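**Q** Residue numbers (our numbering): 5 to 363. By construction, the Cβ of each residue, glycine as well, lies at the ideal position given by its N, Cα and C atoms. Because the structure is a prediction, the values reported are computed rather than measured. Please see the structure below; I have some questions.
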Amino acid sequence: MARKKIINYVLNHPVMSKAELAKELNLSMPTVLANVNDLLEKRLLEEVGEYASTGGRKAKSIGINKSYCHAMGLLITANHIEMVLVNLGDEIVKKDRIRLKFTAELSYCTEVAQKVETFLADEPAKETLLGIGIAIPGIIDQKERIVLKSHALGIENYSLRFLEQAVGMPVYFENDANAAMLAEKKQKYPNAIYLSLNHTLGGAFCIDGKLYRGQNQKAGEFGHMILVPGGKKCYCGKSGCADAYCAASVLTEDNRQSLDAFMENLESGDKKVLQIWNEYLDHLAVLISNLRMAYDMDIILGGDVGGVLSDYMIPLGEKVMAYNGFEHDVSYLKNCSYRKEASAVGAAKYFFAEHMMEI
Numbered sequence: 005m006a007r008k009k010i011i012n013y014v015l016n017h018p019v020m021s022k023a024e025l026a027k028e029l030n031l032s033m034p035t036v037l038a039n040v041n042d043l044l045e046k047r048l049l050e051e052v053g054e055y056a057s058t059g060g061r062k063a064k065s066i067g068i069n070k071s072y073c074h075a076m077g078l079l080i081t082a083n084h085i086e087m088v089l090v091n092l093g094d095e096i097v098k099k100d101r102i103r104l105k106f107t108a109e110l111s112y113c114t115e116v117a118q119k120v121e122t123f124l125a126d127e128p129a130k131e132t133l134l135g136i137g138i139a140i141p142g143i144i145d146q147k148e149r150i151v152l153k154s155h156a157l158g159i160e161n162y163s164l165r166f167l168e169q170a171v172g173m174p175v176y177f178e179n180d181a182n183a184a185m186l187a188e189k190k191q192k193y194p195n196a197i198y199l200s201l202n203h204t205l206g207g208a209f210c211i212d213g214k215l216y217r218g219q220n221q222k223a224g225e226f227g228h229m230i231l232v233p234g235g236k237k238c239y240c241g242k243s244g245c246a247d248a249y250c251a252a253s254v255l256t257e258d259n260r261q262s263l264d265a266f267m268e269n270l271e272s273g274d275k276k277v278l279q280i281w282n283e284y285l286d287h288l289a290v291l292i293s294n295l296r297m298a299y300d301m302d303i304i305l306g307g308d309v310g311g312v313l314s315d316y317m318i319p320l321g322e323k324v325m326a327y328n329g330f331e332h333d334v335s336y337l338k339n340c341s342y343r344k345e346a347s348a349v350g351a352a353k354y355f356f357a358e359h360m361m362e363i
């Protein structure tokens with residue numbers, strides 16, 4: 005138990021002393037010394053410097069050895085795959101985005117495996133690779149390795165076992181929004197909602213640091229909550245879904261222009277674009293207010309739009325407060341840690357948590 009506490013602490017604090025560990029974790033110094041020395045010997049921890057002297061011998065500062073192990077993350081979308089290599093410090097060591105149209109044919113799995121092999125070729129970190137996490141936009145039965153349904157990819161009851169075999173290393177499959185939630189630090193957001201504002205709107209939430217999946221693996225489908233009864237048609241077949249008003253596709257005209265181009269036009273003062281943006285923020289504010297009332301948690305704004313919202317938190321916050329008369333601030337609104345690669349990073353980080361449990 006003491007070792008687990010120490011490992012969890014050092015994973016979330018870049019630099020500390022042995023005395024700090026003893027104080028913060030309420031452990032005896034002999035217990036800290038024994039565990040830290042063992043972890044230094046195993047190279048999970050390393051000495052990273054010295055604290056200023058207070059008169060006696062300088063205390064050594066210790067930190068996580070980021071290169072101790074690595075994991076790969078891969079996000080599958082309808083037209084691309086996104087690959088990242090992540091170290092134990094949650095840093096992206098290498099990344100690539102490749103255009104590759106999804107098909108349900110076995111040849112697609114073989115091609116993905118080839119892209120992974122090329123991505124890892126001549127990569128020194130390959131020697132410490134724990135596995136590959138694969139994020140997919142859809143409802144996943146992790147035990148049976150099946151995508152039960154994915155509107156984005158146009159598949160139902162699709163087996164992932166051939167893809168797992170083709171990759172040829174330990175594999176973890178996760179829904180893309182859940183994976184994005186996993187990219188955030190559990191200690192920072194033990195109870196939180198993640199709004200994934202990508203081409204389609206996804207969501208996830210954690211309770212006590214653990215993903216809540218629901219009875220049928222469908223928890224967090226915030227995109228298909230009715231926001232405007234009888235409103236715009238959603239790709240799911242219903243009318244008025246939040247996805248039809250708050251997904252990135254609303255701003256990109258269903259990918260007819262890039263989000264970057266939209267934001268450039270917004271910043272240049274284009275009146276039509278400004279009107280679209282204000283309407284978008286209005287609808288997003290309603291969704292945020294409803295989620296806050298229902299769950300009373302921090303709400304992390306992620307995905308493509310979440311990545312650009314950091315510059316617009318004041319106008320968004322004002323709109324949210326207009327719909328919520330029970331709170332006087334919006335400090336519960338948070339910006340995501342990864343603007344672009346959250347799903348791939350979160351899927352990769354699964355292996356770190358599993359490996360630390362073994363240690």
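Between S163 and the rest of its own chain, which residues show a CB-CB distance below 7 Å, the 5 nearest in sequence each way excluded?
**A** Closer than 7 Å at Cβ, skipping near neighbours: R149 and I150.
**Q** What does the alpha-carbon distance come out to for the pair S243 and H287?
**A** So the two alpha carbons sit approximately 15 Å from each other.
**Q** Could you tell me the distance, in whole angstroms, from the CA atom of L285 to the CA atom of C210?
**A** L285 and C210: Cα-Cα distance of roughly 25 Å.
**Q** May I have the straight-line CA-CA distance separating D100 from E345, to the nearest angstrom?
**A** Distance between the alpha carbons of D100 and E345 is about 10 Å.
**Q** Which residue comes first and which comes last in the alpha helix (DSSP H) that contains C113?
**A** Where C113 is concerned, the enclosing alpha helix (DSSP H) stretches over L110 to L124.
**Q** To which residues does DSSP link K190 through a beta bridge?
**A** For K190, which the question treats as bridged, DSSP gives no partner whatsoever.
**Q** Pick out whichever of I292, S341 and R343 has its Cα sitting closest to the Cα of A326.
**A** Considering only alpha carbons, the answer is I292.
**Q** Just to confirm my understanding: we take L263, look at its own chain, exclude 5 residues before and 5 after, and list those with CB closer than 8 Å. What are they?
**A** Cβ neighbours of L263 beyond the five flanking positions: A252, L255, T256, D308, V309 and V312.
**Q** Among residues of its own chain, excluding the 5 on either side of Q191, which ones have a beta-carbon nearer than 6 Å to its beta-carbon?
**A** The answer, listed in chain order, is N16.
**Q** Would you decide whether A208 is buried or exposed? Buried here means 16 or more other CB atoms lie within 10 Å of its CB.
**A** Buried, since its Cβ has 16 or more Cβ neighbours within 10 Å.
**Q** Measure from the C-beta of E178 to each C-beta in chain C and report whether the shortest distance is under 8 Å.
**A** Among the chains in the structure shown there is no chain C, since it carries only a single protein chain.
**Q** Tell me whether C240 sits in a helix, a strand or coil according to DSSP, three-state version.
**A** Coil.
**Q** When you compare the stretch 70–83 with the stretch 18–37, are there three or more beta-carbon pairs, one atom per stretch, that lie closer than 8 Å?
**A** Counting Cβ pairs under 8 Å, fewer than three are found: no touch.
**Q** If you drop the 5 nearest sequence neighbours on each side, which residues of the same chain put their C-beta closer than 8 Å to that of K119?
**A** I85, M87, I102 and L104.
**Q** If we count Cβ pairs, one from each stretch, closer than 8 Å, do we get three or more for the stretch 170–183 versus the stretch 353–360?
**A** The stretch 170–183, when compared against the stretch 353–360, does touch it at the 8 Å Cβ threshold.
**Q** Count the other C-beta atoms from every protein chain shown that fall within 10 angstroms of the C-beta of K237, then say buried if there are 16 or more, exposed otherwise.
**A** Looking at its Cβ environment, which holds fewer than 16 other Cβ atoms inside 10 Å, K237 is exposed.
**Q** Which stretch, first to last residue, makes up the beta strand (DSSP E) that contains M76?
**A** H74 to I80 is the span of the beta strand (DSSP E), which, as asked, contains M76.
**Q** Mapping DSSP to helix, strand and coil, what is D308?
**A** In the structure shown, D308 sits in a helix (DSSP, three-state: H, G or I).
**Q** Per the DSSP calculation, N179 is bridged to which residue(s)?
**A** Paired residues: I140.
**Q** With distances taken from CA atoms, which of I11, A6 and M5 is nearest M360?
**A** Among I11, A6 and M5, the Cα nearest to that of M360 belongs to I11.
**Q** So who's on the other strand from E51, going by DSSP bridges?
**A** Its beta-bridge partners are I66.
**Q** Would you tell me roughly how many angstroms separate the C-alpha atoms of D247 and L205, rounded to the nearest one?
**A** Their Cα atoms are separated by approximately 5 Å.
**Q** Tell me which same chain residues have a C-beta within less than 8 Å of the C-beta of S71, skipping the five on either side of it?
**A** So the list reads N91, L92, A129 and T132, once near-sequence residues are dropped.
**Q** Does the stretch 334–350 touch the stretch 224–234, meaning 3 or more C-beta pairs lie closer than 8 Å?
**A** They do not touch, by the three-pair rule.
**Q** Span of the alpha helix (DSSP H) holding R7?
**A** Residues A6 to N16.
**Q** Could you check the C-alpha separation between K46 and A82 for me, to the nearest Å?
**A** Roughly 42 Å between the two C-alpha positions.
**Q** Note down, in chain order, each residue of its chain lying with its Cβ closer than 6 Å to the Cβ of G137, except the 5 sequence neighbours on either side.
**A** G77, Y176, A351, A352 and Y354, listed in sequence order.
**Q** Mind listing, in chain order, the continuous alpha helix (DSSP H) runs of no fewer than 4 residues lying wholly within the stretch 239–307?
**A** The stretch 239–307 contains these whole alpha helix (DSSP H) runs: 247–250, 253–256, 263–271 and 275–299.
**Q** Near R217, which residues of its chain fall below 7 Å by C-beta distance, leaving aside the five closest residues on each side in sequence?
**A** Excluding sequence neighbours, R217 sits near A223.
**Q** So is L215 buried or exposed if we call it buried at 16+ other beta carbons inside 10 Å?
**A** L215 should be labelled buried.
**Q** Is the Cβ-Cβ distance between I197 and Y299 less than 8 Å?
**A** Contact flag set, yes.
**Q** Please confirm whether L152 and I140 have their CB atoms less than 8 Å apart.
**A** Against a cut-off of 8 Å, the Cβ pair of I140 and L152 comes out as no contact.
**Q** The beta strand (DSSP E) spanning E86 covers which residue range?
**A** Per DSSP, E86 belongs to the beta strand (DSSP E) from H84 to N91.
**Q** Rounded to the nearest angstrom, what separates D274 and I303 at their Cα positions?
**A** D274 and I303: Cα-Cα distance of roughly 30 Å.
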